[in-house]
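*Asks:* This is the structure I have questions about; it appears just below.
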Amino acid sequence: SIINKTKPPDYYDHSTVEKWAIPLCLGRAYAYLGNRKAIYYHFSEGHALMQDLGCHRTSTYASLDHVEAQLRKKAFWLTAITYTHVRPEDPWWDSLRDRLVFEEYQASELFPLILDDEYITRGALLEQPHTRPSLMVGFMALALINNCLVSIMRDPAVSLFSTTTDCGSDRDSLGACTCGRHIVPSPLAGLLRSRLSTLDRVVADLPLELGPHKPLGPSLDQARSLQYETMRLNLHITYRWVQSLLIERLISLSGIGSEDRADLWDMLQNVCAELLMFVKQMTQEVLVLHGTSLSYKIRQTAASLLGHPFLPGSAASNRAQEQIKAFADILASLDAIHAKS
22 SIINKTKPPD YYDHSTVEKW AIPLCLGRAY AYLGNRKAIY YHFSEGHALM
72 QDLGCHRTST YASLDHVEAQ LRKKAFWLTA ITYTHVRPED PWWDSLRDRL
122 VFEEYQASEL FPLILDDEYI TRGALLEQPH TRPSLMVGFM ALALINNCLV
172 SIMRDPAVSL FSTTTDCGSD RDSLGACTCG RHIVPSPLAG LLRSRLSTLD
222 RVVADLPLEL GPHKPLGPSL DQARSLQYET MRLNLHITYR WVQSLLIERL
272 ISLSGIGSED RADLWDMLQN VCAELLMFVK QMTQEVLVLH GTSLSYKIRQ
322 TAASLLGHPF LPGSAASNRA QEQIKAFADI LASLDAIHAK S
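This is the structure:
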């Protein structure tokens, strides 16, 4: 590419946040175009630069000023969020491979400061005005929502693995098994339900300005208002998208009873109804800002309804068909806009 041709021979000898940002932006641009080979090429480069900078290690932050530290923490989380966004098409998303990729990362200790950029200088941290929340609240909420899809932080309430002895008794830890033959994954249903509960808590803790309903408080200037609306849109559509993926995974588990499966389908329909209601209240100006990634999340959530098991003519079946039609109208409108641009 033209960019690769302009890189001098020593380009990778010294990593910077700016060099990390270039492949991440290129990868996102190719994501909008649907070029998956280019996506993985650029995201892999960005991931490697993030690791070379030491963004995932708390020990590397001791000598950094406030601005550089904040940038590197953002780089870490943006890399992680990007990684999870390209995984759900793989049927084995959230696999052991994902946990091994992130196992050495000290994610829970790398939360960025909850301050907007204009209140951070190299030598001092200024006070954030109390009249409005920092946009970083939304940024971290988005990171925690994505963490519910492909976890890079261990949930202490759920054991990912257990050790079984020859006698069949279970232990909560890996114990002394060295060969690995007796290490088995813990039941997945409990883990998925725990993540669904975590999702709801993250969204429930959002400030009014970033909540699902547009606040009626004092108006902000146009630029700041657009920032909040864009963040709010990204948060709640990603929230419903992750919810639908986790519920679909639960429905597909063989150990789920018929009554539980019926309840999960009802929950999935409610998620789709909430998503429809939210999208309809957003302006077209804000909807198009996220490009085709937004359409992808809406489309994948809507597609979950296509496999509904309801009897034709039943109330649940009619509701699913109405929702699918409403989603089709919204997606057709968004696709037409993107085709023109």
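Each number in my numbering comes from the position in the sequence shown (counting from 1) with 21 added on. Ideal Cβ positions, reconstructed from N, Cα and C, are used throughout, including at glycine. Source: prediction; values computed, not measured.
1. Can you tell me where the alpha helix (DSSP H) holding Ile-304 begins and where it ends?
2. At the level of alpha carbons, what is the spacing between Leu-70 and Trp-41?
3. Return the bridge partner residues of Leu-146 from the DSSP annotation.
4. Please list the segments of the beta strand (DSSP E) lying wholly inside the region 240-322, counting only runs of 3 or more residues, in order along the chain.
5. Report yes if the C-beta distance between Leu-165 and Val-88 is below 8 Å; otherwise report no.
6. Restricting to Cα atoms, I'd like to know which of Arg-143, Met-288, Pro-133, Tyr-53 is closest to Glu-269.
7. Tell me, to the nearest whole angstrom, how far the beta carbon of Ile-319 is from that of Val-300; I am working on the premise that it is less than 8 Å.
8. Could you tell me the alpha carbon to alpha carbon distance between Gly-189 and Tyr-104, rounded to whole angstroms?
9. Within a Cβ cutoff of 7 Å, which residues of the same chain sit near Met-303, ignoring the five residues on either side of it in sequence?
10. Excluding five sequence neighbours on each side, which residues of the same chain lie with their C-beta closer than 7 Å to the C-beta of Ser-325?
11. Taking buried to mean at least 16 other C-beta atoms within 10 Å of its own C-beta, is Ile-23 buried or exposed?
12. I need the straight-line Cα distance from Pro-112 to His-106, nearest angstrom please.
13. Write down the C-beta distance between Ala-96 and Val-38 rounded to the nearest angstrom, noting that I regard them as a contact closer than 8 Å.
14. What is the residue span of the alpha helix (DSSP H) that Gly-67 lies within?
15. Which whole-angstrom value is the C-beta distance of Leu-156 and Asp-137, which I expect to be below 8 Å?
16. Take Lys-28 and list the residues in its own chain whose beta-carbon comes closer than 7 Å to its own, dropping the five residues that flank it on each side.
17. Determine the extent of the alpha helix (DSSP H) in which Asp-356 is found, giving its start and end residues.
18. Check whether the region 271-284 touches the region 241-261, counting contact only when three or more Cβ pairs, one atom from each stretch, lie closer than 8 Å.
19. Note down the Cα distance separating Tyr-140 from Arg-153, rounded to an integer number of angstroms.
20. Assuming Ala-294 and Gln-342 form a contact by the criterion Cβ under 8 Å, report the distance between their Cβ atoms to the nearest whole angstrom.
21. Does Pro-30 pass the burial test, meaning 16 or more other C-beta atoms within 10 Å, or should it be called exposed?
22. Out of curiosity, what's the CA-to-CA distance linking Arg-245 and Ile-258?
23. Which word fits Pro-330, buried or exposed, when buried means at least 16 other C-beta atoms lie within 10 angstroms of its C-beta?
24. Which residue's Cα is closest to the Cα of Ile-135: Leu-170, Met-174, Gly-144, Leu-92?
25. Less than 8 Å between the beta carbons of Ser-316 and Leu-355, yes or no?
26. Throw me the rounded Cβ distance for the Leu-220 and Tyr-260 pair, which I believe falls under 8 Å.
27. Is the beta carbon of Gly-211 within less than 7 Å of some heavy atom of the ligand SAH?
28. Taking the Cβ atom as the reference point for each residue, do Gly-67 and Gly-55 lie within a distance shorter than 8 Å?
29. With distances taken from CA atoms, which of Ile-60, Ala-323, His-234, Gly-328 is nearest Ile-272?
*Replies:* For this structure:
1. Here the question's residue 304 lines up with position 283 in the sequence shown. Here the sequence assigns Thr to residue 304, which means Ile is not the residue at that position. Where Thr-304 is concerned, there is no enclosing alpha helix (DSSP H), given that its DSSP letter is neither H nor E.
2. Residue numbering aside, residue 70 sits at position 49 when the sequence shown is read from its first letter. Residue numbering aside, residue 41 sits at position 20 when the sequence shown is read from its first letter. Spanning the two alpha carbons is a distance of roughly 6 Å.
3. For the purposes of this step, residue 146 is identified with residue 125 of the sequence shown, where counting begins at 1. Leu-146 pairs with Ile-141.
4. Contiguous beta strand (DSSP E) elements confined to the region 240-322 do not occur, taking only those with 3 or more residues.
5. Numbered from its first residue, the sequence shown carries residue 165 at position 144. Numbered from its first residue, the sequence shown carries residue 88 at position 67. At a Cβ-Cβ threshold of 8 Å, Leu-165 and Val-88 do not count as neighbours.
6. Walking along the sequence shown from the start, residue 269 turns up at place 248. For the residues Arg-143, Met-288, Pro-133, Tyr-53, the minimum Cα distance to Glu-269 belongs to Met-288.
7. Mapped onto the sequence shown, residue 319 falls at position 298. Mapped onto the sequence shown, residue 300 falls at position 279. Contact between Ile-319 and Val-300 is confirmed by a C-beta separation of about 7 Å, below the 8 Å threshold.
8. The sequence position of residue 189 within the sequence shown is 168, counting from 1. The sequence position of residue 104 within the sequence shown is 83, counting from 1. Only weak support is given to the placement of Gly-189: the predicted model assigns it a pLDDT of 44, under 50, and the question is left unresolved by the model.
9. Residue 303 sits at position 282 when you count from the first residue of the sequence shown. Correct list, in chain order: Leu-254.
10. Along the sequence shown, one-based indexing puts residue 325 at 304. Closer than 7 Å at Cβ, skipping near neighbours: Ser-265, Glu-269, Leu-289.
11. Locating residue 23 in the sequence shown gives position 2, counting from the first residue. Counting the other CB atoms within 10 Å of its CB gives Ile-23 a total below 16, which places it among the exposed residues.
12. As a working mapping, residue 112 is identified with position 91 in the sequence shown. As a working mapping, residue 106 is identified with position 85 in the sequence shown. Its pLDDT being 47, under 50, Pro-112 is placed unreliably in this model, and the value from its coordinates should be taken loosely. Taking the straight line from one Cα to the other gives about 13 Å.
13. By one-based count along the sequence shown, residue 96 stands at place 75. By one-based count along the sequence shown, residue 38 stands at place 17. Confirmed, Cβ separation roughly 6 Å.
14. Numbered from its first residue, the sequence shown carries residue 67 at position 46. Counting along the chain, the alpha helix (DSSP H) containing Gly-67 begins and ends at 57-74.
15. Taking the sequence shown and counting its residues from 1, the one referred to as residue 156 is at position 135. Taking the sequence shown and counting its residues from 1, the one referred to as residue 137 is at position 116. Taking 8 Å as the upper bound for CB-CB distance, Leu-156 and Asp-137 are in contact here, some 6 Å apart.
16. In the sequence shown, the residue the question calls residue 28 occupies position 7. The answer is none, since no qualifying residue turns up.
17. The residue you call residue 356 lines up with position 335 of the sequence shown. First-last of the alpha helix (DSSP H) with Asp-356: 336-361.
18. no
19. Position 119 of the sequence shown, counted from the first residue, corresponds to residue 140. Position 132 of the sequence shown, counted from the first residue, corresponds to residue 153. Straight-line Cα distance between these residues: approximately 13 Å.
20. For this step, residue 294 is matched to residue 273 along the sequence shown. For this step, residue 342 is matched to residue 321 along the sequence shown. Not a contact, Cβ separation roughly 13 Å.
21. For the purposes of this step, residue 30 is taken as the residue at position 9 of the sequence shown. Classification of Pro-30: exposed, given that the 10 Å Cβ count is below 16.
22. Walking along the sequence shown from the start, residue 245 turns up at place 224. Walking along the sequence shown from the start, residue 258 turns up at place 237. Their Cα atoms are separated by approximately 20 Å.
23. By 1-based counting over the sequence shown, the position of residue 330 is 309. Flag for Pro-330 reads exposed.
24. Reading the sequence shown from its first residue, position 114 is the one you call residue 135. When only C-alpha atoms are compared, the closest one is Leu-92.
25. To locate residue 316, count along the sequence shown from 1; it is residue 295. To locate residue 355, count along the sequence shown from 1; it is residue 334. Contact: yes.
26. By one-based count along the sequence shown, residue 220 stands at place 199. By one-based count along the sequence shown, residue 260 stands at place 239. Sure, about 6 Å apart at Cβ, within 8 Å.
27. With respect to small molecules bound, the structure shown includes none, and the ligand SAH cannot be examined in it.
28. Residue 67 sits at position 46 when you count from the first residue of the sequence shown. Residue 55 sits at position 34 when you count from the first residue of the sequence shown. Against a cut-off of 8 Å, the Cβ pair of Gly-55 and Gly-67 comes out as no contact.
29. Start at 1 with the first residue of the sequence shown, and residue 272 comes out as number 251. The residue with the shortest Cα to Cα distance from Ile-272 is Gly-328.
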